[in-house]
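*Asks:* Quick one: the structure is below, and I'll ask about it shortly.
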Amino acid sequence: SVRPRMILAPRYFSRLTATVGLFTKYGLGDFADRSGLRALVAEDEEKGNGNGASPETAVAFRKRLVELGPAYIKLGQVLSTRPDLIPETYVRELEKLQDDVDPIPYPNVQEVIERELGARMSKLFDSFEEEPLGTASLGQVHAATLRGGRAVVVKVQRPDIREALADDLEFFRELATFLTRHTQAGAGVDLLGVVTQLERALLDELDYRIEARN
94 SVRPRMILAP RYFSRLTATV GLFTKYGLGD FADRSGLRAL VAEDEEKGNG NGASPETAVA
154 FRKRLVELGP AYIKLGQVLS TRPDLIPETY VRELEKLQDD VDPIPYPNVQ EVIERELGAR
214 MSKLFDSFEE EPLGTASLGQ VHAATLRGGR AVVVKVQRPD IREALADDLE FFRELATFLT
274 RHTQAGAGVD LLGVVTQLER ALLDELDYRI EARN
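See below:
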């Protein structure tokens, strides 16, 4: 069979191969076939582990998503709601998916707060705990006391996180659009629905005003 010619920006070519390998290596070759992903790369670039969709490969898949960063963590969380696309073993494992990332260094936290609020930390807070209460892929939270003594929790986004996520989302959408329009397999899988769900979830999480209203 003739492989479809890929129409993606050249900067996405290496990411395409890595994305296909993400599924074929970790036991989701069936998903790669049904979505049309496998047909887009040369056979010698596919490096499956041969273990199939086992509980062990599902665990390894979850851990690899965490390593790849926020957009892939959220992609795994979205896939955990789609038992129509991936095996139940993976659904159960991805439901456990949590943000497991290193904290933002305090100097970066300070820089973000002072830039966003337009004042020095000493003018904004009586006290600010440098050790975060919690850390996630998009940001982290710190305990603090405002001038005047009111105790608060301050949530700070990771520097440049929006730009990084925008690039990942553009790649996911471009790839899903191509597969849907130009491959028979891709047309039969709701890839654009997955990407739309992913975009909405990330945009909601990035808008801290929503959390403040809640």
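Everything in the sequence shown is counted per the working numbering, starting at 94 for the first residue and increasing by one.
Where a beta carbon is used, it is the ideal one built from N, C-alpha and C, also for glycine.
1) What first and last residue would you give for the alpha helix (DSSP H) that runs through A236?
2) Out of curiosity, what's the CA-to-CA distance linking K308 and D195?
3) Across which residues does DSSP place F218 in a beta bridge pair?
4) Just the C-alpha distance for A244 and R175, rounded to the nearest angstrom, thanks.
5) When burial is assigned at 16 or more other CB atoms within 10 Å of the CB, is Q233 buried or exposed?
6) Cβ atoms of R108 and F221: under 7 Å apart, would you say?
7) Which residues mark the beginning and the end of the alpha helix (DSSP H) in which A244 is found?
8) What is the DSSP secondary structure of G279, counted as helix, strand or coil?
9) Count Cβ pairs between the segment 120 to 131 and the segment 275 to 292 that sit closer than 8 Å; are there 3 or more?
10) Residue range of the alpha helix (DSSP H) that L284 falls in?
11) If we ignore side chains and look at the alpha-carbon of each, how far apart do L268 and Q290 end up?
12) When the distance is taken between beta carbons, is I179 closer than 7 Å to F124?
13) Quick one: Cα of V205 to Cα of A146, how far?
*Replies:* Quick answer:
1) Note, A236: premise wrong, no alpha helix (DSSP H); beta strand (DSSP E) at 232 to 239.
2) Since the displayed the chain opens at 94 and closes at 307, residue 308 lies outside it and no answer follows.
3) L239
4) The straight-line gap from Cα to Cα measures roughly 41 Å.
5) Label assigned to Q233: buried.
6) no
7) Segment 244 to 250 is the beta strand (DSSP E) holding A244; no alpha helix (DSSP H) there.
8) helix
9) yes
10) 284 to 299
11) 15 Å
12) yes
13) In a straight line, the C-alpha of V205 is about 42 Å away from that of A146.
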